[in-house]
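Residue numbers (the UniProt record's numbering): 1 to 329.
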Ligand code: SF4
């Protein structure tokens, strides 16, 4: 364990965590709502520091990131804990419980990642990485010093100061937006919408940070075209080239609602495309997943599952010379 950042000591060995909007007040001997931070005798510790539950080398498209080093791999790791409690969580075994883990110091994780020469860097993912901020920061600092890329896959439920500290060391992020409706956040995720929108805007307002968004589409819950359109309009007002992934929902964890139908996926894609240039459907094999020049229509990246053919060599369309938003440097 390592002493946590972003907390205050209170009377009688009680502490208040200031990392995320929950602002947990934690008595000695207890953990916060996310399970990743624990009060030991009046000192708040990161309980998930160096505790690795998941490690792998994934295609970058799996994060998902489609406009960031397409076709490349990235070393990915996760720990345990999360500050959201989504009824349909796909990784609930490590996010909602203190899952079995192996101890790996930041230096050891960095050394292990360097054994993967095809990887562009390291992604903090699988559970919610922001509740493991101290470890992620150390890994990201070492990884950047080695000239490699840092990727964050997050729910964005974090306070502005710690978010800024993390984003200073992050090269690309996928923000998982659950809905554009506070009621959904309250009933399905046990959280609120406003902090996530605040984080999203902080991300989109950093021009050097590559940001893509994911929306897991659940029919009858967050698939209203008006909601998706209003959300996409808000994103487009800051950065219209932002990539949005409409991801297909399958029943998971505590939610038995039927899987999302193809018609709903395409309707959501249409609603978002009214405002955003690049809207992809994920977790779903049908349809065209390629990236095309928004000026001449030339194929820039061809995707069939995880078979990726990259047709661009620099920041311009090879056919008409229009700039595109795919980052490869
Ligand atoms: S990070 Fe965890 S302990 Fe801290 S306020 Fe959020 S849920 Fe509570």
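Cβ coordinates follow ideal geometry from the N, Cα and C atoms, glycine included.
> Helix, strand or coil for residue 200 per DSSP?
Replying inline: Correct three-state label for residue 200: helix.
> If you count every other CB in all the chains shown that lies within 10 Å of the CB of residue 97, and 16 or more means buried, which is it?
Replying inline: Residue 97 should be labelled exposed.
>> Using only the alpha-carbon positions, how far apart do residue 200 and residue 40 sit?
In response: Taking the Cα positions, residue 200 is about 33 angstroms away from residue 40.
> Does the ligand SF4 have even one heavy atom less than 7 angstroms from the beta-carbon of residue 131?
Replying inline: Yes - the ligand SF4 has a heavy atom lying nearer than 7 angstroms to the Cβ of residue 131.
> For residue 36, is the beta carbon positioned less than 7 angstroms from some heavy atom of the ligand SF4?
Replying inline: Residue 36: yes, Cβ under 7 angstroms from the ligand SF4.
> Between 151, 245, 48, 320, which lies nearest to residue 172 when the distance is taken from Cα to Cα?
Replying inline: The shortest C-alpha separation from residue 172 is found at 151.
> Is the distance from the Cβ of residue 332 to the Cβ of residue 12 below 8 angstroms?
Replying inline: The requested residue 332 is not part of the displayed model; the chain covers only 1 to 329.
> What are the start and end residues of the beta strand (DSSP E) that includes residue 283?
Replying inline: That residue, residue 283, is in no beta strand (DSSP E); it is neither H nor E in DSSP.
> Does any CB atom of chain B fall closer than 8 angstroms to the CB of residue 191?
Replying inline: Of the protein chains in this structure there is only one, and it is not chain B.
> Just curious, the alpha helix (DSSP H) that residue 269 is in, first and last residue?
Replying inline: Its alpha helix (DSSP H) spans residues 262 to 273.
> Looking only at its own chain, which residues have a Cβ that is under 7 angstroms from the Cβ of residue 83, when we skip the five neighbours before and after it?
Replying inline: Closer than 7 angstroms at Cβ, skipping near neighbours: 20, 22, 33, 34, 128, 131, 157.
> Taking the alpha-carbon positions, what's the residue 147 to residue 321 distance?
Replying inline: Using only the alpha carbons, I get a separation of about 29 angstroms.
> On the three-state DSSP scale, how would you describe residue 100?
Replying inline: Note: residue 100 maps to coil in three-state DSSP.
>> Using DSSP's beta-bridge definition, name the partner residues of residue 252.
In response: DSSP output for residue 252 lists 255 as bridge partner(s).
> Between which two residues does the beta strand (DSSP E) containing residue 309 stretch?
Replying inline: In the DSSP assignment, residue 309 falls within the beta strand (DSSP E) that extends over 307 to 310.
> In terms of alpha-carbon separation, which member of 197, 253, 179, 206 lies closest to residue 224?
Replying inline: Comparing Cα positions, the closest option is 179.
> Is residue 18 helix, strand or coil when you go by DSSP?
Replying inline: Note: residue 18 maps to coil in three-state DSSP.
>> Relative to the C-alpha of residue 52, which candidate in 140, 17, 135, 266 has its C-alpha closest?
In response: Taking residue 52 as reference, the option from 140, 17, 135, 266 with the minimal CA-CA separation is 135.
> Is residue 10 near the ligand SF4, with its Cβ less than 7 angstroms from a heavy atom?
Replying inline: No, the beta carbon of residue 10 sits no closer than 7 angstroms to any heavy atom of the ligand SF4.
> In the structure shown, what three-state DSSP assignment does residue 288 receive?
Replying inline: Here residue 288 sits in coil by DSSP.
> Excluding sequence positions up to five away, which residues of its chain have a Cβ less than 6 angstroms from the Cβ of residue 282?
Replying inline: Hits under 6 angstroms: 64, 245, 247.
> Where residue 327 and residue 304 are concerned, what is the direct C-alpha to C-alpha distance, given to the nearest angstrom?
Replying inline: Roughly 20 angstroms separates the two Cα atoms.
>> Do residue 213 and residue 177 count as a contact pair if the criterion is CB distance below 8 angstroms?
In response: Contact: yes.
> Does any heavy atom of the ligand SF4 sit closer than 7 angstroms to the C-beta of residue 48?
Replying inline: Not so, every heavy atom of the ligand SF4 lies at least 7 angstroms from the Cβ.
> Any heavy atom of the ligand SF4 closer than 7 angstroms to the CB of residue 22?
Replying inline: Residue 22: yes, Cβ under 7 angstroms from the ligand SF4.
>> Distance check for residue 45 and residue 69, CA to CA, integer angstroms please.
In response: Note on geometry: alpha-carbon atoms of residue 69 and residue 45 lie some 35 angstroms from one another.
> Below 8 angstroms between beta carbons: does that hold for residue 166 and residue 204?
Replying inline: Residue 204 sits away from residue 166, with the two beta carbons spaced by 8 angstroms or more.
> At which residue ranges does the segment 128 to 215 contain complete beta strand (DSSP E) runs of 3 or more residues, listed in the order of the chain?
Replying inline: Along the length of the segment 128 to 215, whole beta strand (DSSP E) runs at least 3 residues long occupy 149 to 154, 172 to 176, reported in chain order.
> According to the neighbour-count rule (16 or more other Cβ atoms, all chains shown, within 10 Å of its Cβ), is residue 226 buried or exposed?
Replying inline: With fewer than 16 Cβ atoms within 10 Å of its Cβ, residue 226 is classed as exposed.
> Touching or not, the segment 274 to 291 and the segment 226 to 244, by the rule of three or more beta carbon pairs under 8 angstroms?
Replying inline: Using a C-beta cut-off of 8 angstroms, the segment 274 to 291 makes contact with the segment 226 to 244, since at least three inter-stretch Cβ pairs fall below that distance.
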